[in-house]
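Engineer: Sequential numbering of the sequence shown, starting at 211, is according to the numbering used here.
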Amino acid sequence: MARCILHIGTHKTGTTAIQQSFLAGGPWLDEAGLYYPQAGRVYGGHHNAAFDLVGSPLFERERGTLADLLDEVAREDGRRSVVSSEVLHFAAAVPAAMERLRAMVAERRIEARVVLYLRDPASYAASLYGQLRKRGLVDMPFAAFVETIAREGAFSLDGWRRYPFAYREIVDPFAAAFGADAVIVRRYERGAGDDALLRDFLEAAGARAASDLPAARHNVSPESYAALEDEARRTFAGRLG
């Protein structure tokens, strides 16, 4: 039976750094008993396959579908495949997408484990807001941004991008699809240095210990976000489930 790690994010938890480490490859991958599939992969992660799953207009069929990716996983019956995209966690808000993912994995007799990193909500809000502003996706003041999250438990950009801050909205659908024991939740530690993030991921994935790991360099929110974090913490107090 093929085995797979579904690394589903969330955003702003070092996912890009982990993906870049896998993309770089090296002897450590074989040592850890892991395989990084090519189908559905763009910008280092399996985002195109995830776009397919959640119905994103960014999906490009010629870059590989979700079926293409899972077929590749199913053919790898030795090493454990790592499927990584923070877009995957958007599926938790769409029951039809979760059922499709569950059924496609089951049809291919793939044993799936889900790895999810979560960040302190106030820190996550400040960092996510900075990213969305930089990309021109939000223009509201930060106070309005965090008030929306406190009121709704999430921030929704459109029909396929919903960022939950009541984290059970992510955990529970994946646990229902693959079993509670198959969902591994880790706390993202901002500023973890060197290869600490990648080592933690390998431990969560149940991979064999490996030496000479590439350093998982990930972005750290600037100190200027500290005031935003404090504001978010005050707004969220007692309001997020």
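C-beta: ideal position from N, C-alpha, C; glycine also.
1. Taking the continuous alpha helix (DSSP H) assigned at E357, which residues delimit it?
2. Let me know if R290 comes out buried or exposed under the rule of 16 or more other beta-carbons within 10 Å of its beta-carbon.
3. Using 8 Å for Cβ pairs, my map puts G265 next to S295. What's the rounded Cβ distance?
4. Report yes if the C-beta distance between A212 and L263 is below 9 Å; otherwise report no.
5. Which two residues bound the contiguous beta strand (DSSP E) that contains E321?
6. Quick check on the DSSP output: what are the complete beta strand (DSSP E) runs of length 3 or more inside the stretch 376 to 423, in order along the chain?
7. Answer yes or no: do V325 and A420 have a C-beta to C-beta separation smaller than 9 Å?
8. Nearest-angstrom Cα distance between H217 and V297?
9. Would you be able to state if there are at least three C-beta pairs under 8 Å between the stretch 349 to 356 and the stretch 265 to 282?
10. Helix, strand or coil for P374 per DSSP?
11. Just checking my contact of A284 with V356 at CB under 8 Å: how many whole Å lie between their CB atoms?
12. Would you call the CB atoms of Y373 and L338 closer than 9 Å?
13. Opposite A212 in the DSSP bridges: which residues?
Structural biologist: In short, the structure shows the following:
1. Where E357 is concerned, the enclosing alpha helix (DSSP H) starts and stops at F352 to E362.
2. buried
3. Wrong, their Cβ atoms sit about 14 Å apart, outside the cutoff.
4. no
5. I320 to L328
6. Whole beta strand (DSSP E) segments, 3+ residues: 393 to 397.
7. No, Cβ-Cβ distance for V325 and A420 is not below 9 Å.
8. Distance between the alpha carbons of H217 and V297 is about 10 Å.
9. Not touching, per the Cβ criterion.
10. Three-state DSSP puts P374 in a strand.
11. So it is not a contact: roughly 43 Å between Cβ atoms.
12. One thing to note: Y373 has its Cβ within 9 Å of the Cβ of L338.
13. I320
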